[in-house]
Every structure is written in C-alpha cells, then in structure tokens.
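Colleague: Once you know that position 304 of the sequence shown is 304 in UniProt numbering, the rest is easy, because the numbers rise by one and skip nothing.
Ideal Cβ positions, reconstructed from N, Cα and C, are used throughout, including at glycine.
Before I ask anything, let me first share the structure, which is written out below as structure tokens.
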Amino acid sequence: MGNVYHVNKKVGLALLVAAAAALATIIALSVAYNNEKSKNRGAGAASASSASTPLLTSVTPKHPWDHYRLPSALLPLSYSVMLWPRLEPDEDGLYVFTGHSLVIFTCMEETDLVIIHSNKLNLTTLSGHHAKLQGLDRVSPPAIERSWLVEKTQFLVLQLKSRLLVGASYTLYTEFRGELADDLQGFYRSEYTEDGVKKTIIATSQMQATHARKTFPCFDEPAMKAVFNVTIIHDQAFTALSNSRKGGHSNKDLDGRRVTETFFVPTKKMSSYLLAFIVTDFDVHRLQLRIWARRNAIQANQGAYALEVTGKILRFYEQYFRVKYPLSKSDQIALPDFHAGAMENWGLITYRETALLYDPVSSSVGNKERVVTVIAHELAHMWFGNLVTLKWWNDLWLNEGFASYVEYLGADFAEPTWNIVRTPSPSTSWNQSELVKLGPVPMNSRLVHLPRCSAEGPDHPVRRAPCVRRGRVGVLTPAVLCRGGSQQPRSDQRDVRLHLLQKVLPEHVCVQERGGGQPVGPPPAGQWLQILALTHLQHLHPPPPPTPSPQAAENTAGLYIPRTVHDIMDRWTLQMGFPVVTVDTQTGRVSQKHFLLDPESVVERPSKFK
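Here it is in structure tokens:
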C-alpha cells in the first residue's frame, strides 16, 4: 500500500485555484492559437486563390507583365546576338556563358512599357537599369524610370517616363551571363567520352518551346519572327555552328586567352524557338549538305546514309512544294545528350545519335528506316513550320501532324523499294465515270496505333484553346499531336484529290515566302484547311442545285461541300478521341458514340457537337 499525504484546507484551496488558473490559461492560449492558425490558413488560401485565379478563370491579370503572353505593342525586326560559352568550369565549378544582345523593334501601339522575355539570366546593370534603350532615325527615346524582372512570367520590364512613338523604331541593348547547365534546355552543355579516355564538353541548344529567353532576352513567341545576326566566340580548336552559313571569323585575345570569333550571315525571318547555337569539336562529312557527329562516328562512316538520303529528300520536297529549299546550307548534327528525338532548327537540325547515325556494320534495317523517316520529318519542317509558322502553340498539331504525314512521302522517294507507303485501289466517283485515285497512305505502326492512343480515356482534343500558363506550353507536344495531326490529312485524303492538294499547298507556301514567312494559323472560324488545301474536299454524291448557300459550300476549286469546312473539321479537331458508328441493317438507323477501350472510363470533357 502506498504512502498517504495530507494537506490542510488553505493549501488545498490554493492548489485548486492555481490549477484552475493554469487550465484557463491553457484553454485561452489554445483558442488564440487556433484562431490565428485559421486566419493564416484563410490568408494562405486567399493568396493561393489569388495566385491561381489567372490560370483557372477568365479574370484579367492586373498588370501587363502578369500575363503569360506578350503585349502586341512592340514588334521585333532584327537581333544582333553575341555568345561566348566557357567549356571549362569557373572558380566556383560552374560552366557559364556570357553575351550581349541588341534587338531592333517597332512600336505598333502607344505604350510606356517595354516587355521582353528573360529567364535565368544575370543582366548587367547599364546606367542603373537592366537594359539600354535608344531611338533610330533621330527619334529620341523616352528615359527609363525603372526596370525589373518578373520571375513568374519570365519578363524583363522597363517602365518609361513617357510613351514610345507609334511607327518609330528603337533598340534595346542588354549584357548578360547565364549558366551553361546540363538540363538540355536553352543554351546547354553536352559531354561525351571517346575511346573511354577523354571527356569532351561541347555547347549546344534546344529552344522549343520557351527556352530562347534562357539564352538571351528576346520576344520569345512563335509569331514574333525576326532576322538574327549571330556571333559566337569559342576556342580555336572548336567549330561554331548556327542556323545560317558562316560569314567569316577572326582571332583575338580576350581575358588573357586566344579565341576565335565566328560570325554568321543574317538568317531568314524566323521564330526564336528555331534558333540553334553549337560549339563543338565534331567532324563533318561534307560541305553545304553536312552531317556532323563525333569523330569516331564519322570515321566509321555512320553519317554517310543520312547524307545520301538528305539530298534526295530535299529534291523531292522542292518538287512537291514547288518552292526551293529556303536556305543556303543544311547542317544536321547528332548529339550525345538530347532530350527530343530531333529538333527542326532552321538550317541546323539537331538529333539524338540514334535518329541520325547508321552503322552499316551493326545497325538493323529498322534503324535505317528510323533514320530516313526522322530526317524526312525534320526536313519537311523547313517548309511547313519554319517558312510557314503557327501563330501559337495550340496549333502545333498542324505543324507536327503535317510533317508526320509528309515524312512518309519523302522517305518513300528516298527508298522506293521499301513500300513505306502504299496506294489503295481506285474508288469510283458519284457519276461512276471518273476514277479518283487516292494518294499514298502511310503504313506504319505509329499510325496504326493512333486509335488505341486516342481511346484510353484521359485524352484531349487535337486542337486546344490557347494556353495562358507558362508551365503548360511545354506539354503541348504529346504523341497524339503528331499522330492525330497526321491522321487528319490521311483520313481526309479519301475526300481530297491529291493533285489539288499539291496545287494549292505550294501557292500557300509561296505567299508565305513572299510575305517574309509571317505566322499563320486557322482563321477565326477555325478553317485549318486554308493551309492543307482541303477546301477541295469532294464527297462522292451528285452535286446539288447550282446555287448553294455560302454557309453550305466553300468551293474555291468549284467542288461542292455539303457543310462548311468549319463544321466538318471542328468535330475532329476540337473533340477528344474518335467515334464508333453503328448502322442497324434492319431499320437503317445510324448512331454513334465515343469509342473507349475501357467502357468504365469517365470522359469529363463536354462536347457541343453531341
């Protein structure tokens, strides 16, 4: 039995009062803490809601620099860009590059702001600001009141003390320093080891979709085309490459070392995402049409096949589009570290090694087929995508889909005995008198597998609404864009006379070439057939009375269309997946429903076409 303690009444009463006071204090503190926590949670939720509102609703951001799209007030004309990548680490163990840029732009709308993209660059302060503004043709530039960087939207903003003059041109000069990281984005470093001995560092680039701004301040949207004058400083033992051919070089002493300064002739008017900068010790197979790769790969003749088919495919596309190859040279380079399969940089296409190199000793026929189709795909972009460019990334399906379709035509021309494409049996037209020969239909597993890809539930339409979030731009390139986009011209080819497609397509490309390659995209009604010439779509039925309404026919080629192109194609481009059509042979009733491999899949996206 334990000990028993006794206290008198006064002591006991005092202890009870103290305990009660302590308990009351604890309760009060708990209540106060919970109230404060609720306030903080509410404030946090409000803050989170405020931050996400522009992303999830149609609420307009307060300031122009809070938008993820550039204002339309300024239009770039040309850039002069100098880059100097250091292929050895600095005292902090970092690989860096330095440079400067001067962009000439025209003021299209009255504004007191200069907003331009810049991301992860350390900008040198010039006269107290991040950039220097000057006027051209004796125009006095407004003074800069202040400048700042917006990390969220990746903008450099200059607030001016007065407005820019509409129609006047100005220059914006910046000096910068960036990291030559190994993240495979923007201007980055790649490394390889040959013979298991020496590790070599090279500099290369990948700008699509939004990484040119990580290399130098620029108007980094596909519609903002300009001419680029590029200069690259590099070690004398290395070679510099860019989109255009070399204009010359000079040797000089900089920072106590002997370097080479290579400058390139001005590019065509082009989008920033197509830029490419490379500093390498690679070897080359030949001049003008050139295949670049590691020295051992070139010496093993692994670039010979790519060089052989490149010339054939370019000649075919020149005949098919009836437009000459737009540039004066074509460089293709196989990189040891590259995220995408290939990238259609204008005049300097970058590849994974497996997509460009073919070893005649050890590579399979499947490897050879991959090389020729990937090359044909990227070369198709030299016309469709580079010369004729999308306005915004939601039309990337058309850019990639067209190239994914035409690549088989180019590959078939380069390797005619492979039967990469086949020609179906002729079908009969509505009057039973004219045979309509269908065009080539690619026979490839990537196309055959499209229905499965589009029938697994969590899909999205081929064409989306314009994206307003920086983080969403880079995810607009899933396989369904290439496969689904290529299926559109393929499936519709049953209704399109191929010779008409070939007739109108070059006309469109020629218009773009004469107009300096201005960006294109579907008109407001979404009639993407402006580009693919599917206005010549012909259903195999007798024509109606001779005066169809404008809403029922778009007959630029004198061919009847029972519905507008808009009505026909929006069902395929704006709806996810594809339908399965059921015909009741007893009653003649026709019905359709969204086809899904898993009947339990929940499709949450509504459709106005149902």
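(1) To the nearest angstrom, how far is it from the Cα of Glu-415 to the Cα of Tyr-320?
(2) Kindly indicate which three-state DSSP category Trp-392 falls into: helix, strand or coil?
(3) What is the rounded straight-line gap between the Cα of Phe-282 and the Cα of Ile-568?
(4) Would you decide whether Arg-146 is buried or exposed? Buried here means 16 or more other CB atoms lie within 10 Å of its CB.
(5) Note down, in chain order, each residue of its chain lying with its Cβ closer than 7 Å to the Cβ of Asn-301, except the 5 sequence neighbours on either side.
(6) Kindly indicate which residue of Thr-210, Arg-189 and Leu-75 has the alpha-carbon position closest to the one of Asn-119.
(7) What distance in whole Å lies between the Cβ atoms of Val-581 and Val-590, which are believed to be in contact at a cut-off of 8 Å?
(8) Out of curiosity, what's the CA-to-CA distance linking Leu-70 and Ser-205?
(9) Are there three or more Cβ pairs, one per stretch, closer than 8 Å when the region 389-396 is compared with the region 328-347?
(10) State yes or no: is the C-beta of Lys-115 within less than 8 Å of the C-beta of Val-157?
(11) Which complete alpha helix (DSSP H) runs does the region 76-102 hold, if anything under 4 residues is left out?
(12) Would a C-beta distance cut-off of 8 Å place Glu-261 and Ser-272 closer than the cut-off?
(13) Taking three-plus beta-carbon pairs below 8 Å as touching, is the region 213-224 in contact with the region 237-246?
(14) For Tyr-325 and Gly-410, which I take to be in contact (beta-carbon distance under 8 Å), what is that distance rounded to the nearest angstrom?
(15) Taking C-beta to C-beta, are Leu-123 and Lys-132 nearer than 8 Å?
(16) Whole angstroms are fine: how far does the CA of Glu-400 sit from the CA of Ser-491?
(17) Secondary structure at Asp-283, three-state DSSP: helix, strand or coil?
(18) Pull up the distance between the alpha-carbon of Trp-572 and that of Leu-165, whole angstroms please.
(19) Straight-line CA distance for Arg-257 to Ser-190?
(20) So which of Met-82, Met-270, Ala-168 and Leu-289 has the shortest CA-CA distance to Cys-107?
(21) Shortest alpha-carbon distance to His-100 belongs to which of Arg-290, Ile-233, Trp-65 and Glu-91?
(22) How is Tyr-70 classed by DSSP in three states: helix, strand or coil?
(23) Is it right to say Gly-347 is buried, meaning 16 or more other beta carbons lie within 10 angstroms of its own, or is it exposed?
(24) Taking all protein chains shown into account, do 16 or more other C-beta atoms lie within 10 angstroms of the C-beta of Glu-344, making it buried, or fewer, making it exposed?
(25) Tell me Asn-229's beta-bridge partners as DSSP assigns them.
(26) Can you check whether the CB of Asp-331 is closer than 8 Å to the CB of Gly-294?
(27) Closer than 8 Å, CB to CB, is Trp-383 near chain C or not?
(28) What are the start and end residues of each continuous alpha helix (DSSP H) run of 4 or more residues lying completely inside the region 301-371, in chain order?
(29) CA-CA distance, Leu-113 and Glu-175?
(30) Indicate the three-state DSSP secondary structure (helix, strand or coil) for Ala-203 in the structure shown.
Modeller: Once the coordinates are examined:
(1) 16 Å
(2) coil
(3) 50 Å
(4) exposed
(5) Only Pro-360 meet the Cβ criterion.
(6) Thr-210
(7) 7 Å
(8) Across the structure, Leu-70 and Ser-205 are spaced so that their CA atoms are roughly 23 Å apart.
(9) no
(10) According to the sequence displayed, residue 115 carries Ile and not Lys. Contact flag set, yes.
(11) none
(12) No, the Cβ-Cβ distance between Glu-261 and Ser-272 is not below 8 Å.
(13) no
(14) At roughly 13 Å, the Cβ-Cβ gap does not stay under 8 Å, so Tyr-325 and Gly-410 are not in contact.
(15) no
(16) Confidence is the limiting factor: at Ser-491 the pLDDT is only 42, short of 50, which leaves the residue's position unreliable, though a coordinate-based value still follows. When rounded, the distance between both Cα atoms is 16 Å.
(17) strand
(18) Between Trp-572 and Leu-165, the C-alpha separation is close to 45 Å.
(19) 23 Å
(20) Ala-168
(21) The shortest Cα separation from His-100 among Arg-290, Ile-233, Trp-65 and Glu-91 belongs to Ile-233.
(22) Residue 70 is actually Leu in this sequence, not Tyr. Leu-70: coil per DSSP, three-state reduction.
(23) buried
(24) buried
(25) Ser-80
(26) What sits at residue 294 in the sequence shown is Arg, not Gly. Not closer than 8 Å, so no.
(27) As a matter of chain content, chain C is missing from the structure shown, which is built from one protein chain.
(28) 304-321 and 353-356
(29) Taking the Cα positions, Leu-113 is about 20 Å away from Glu-175.
(30) strand
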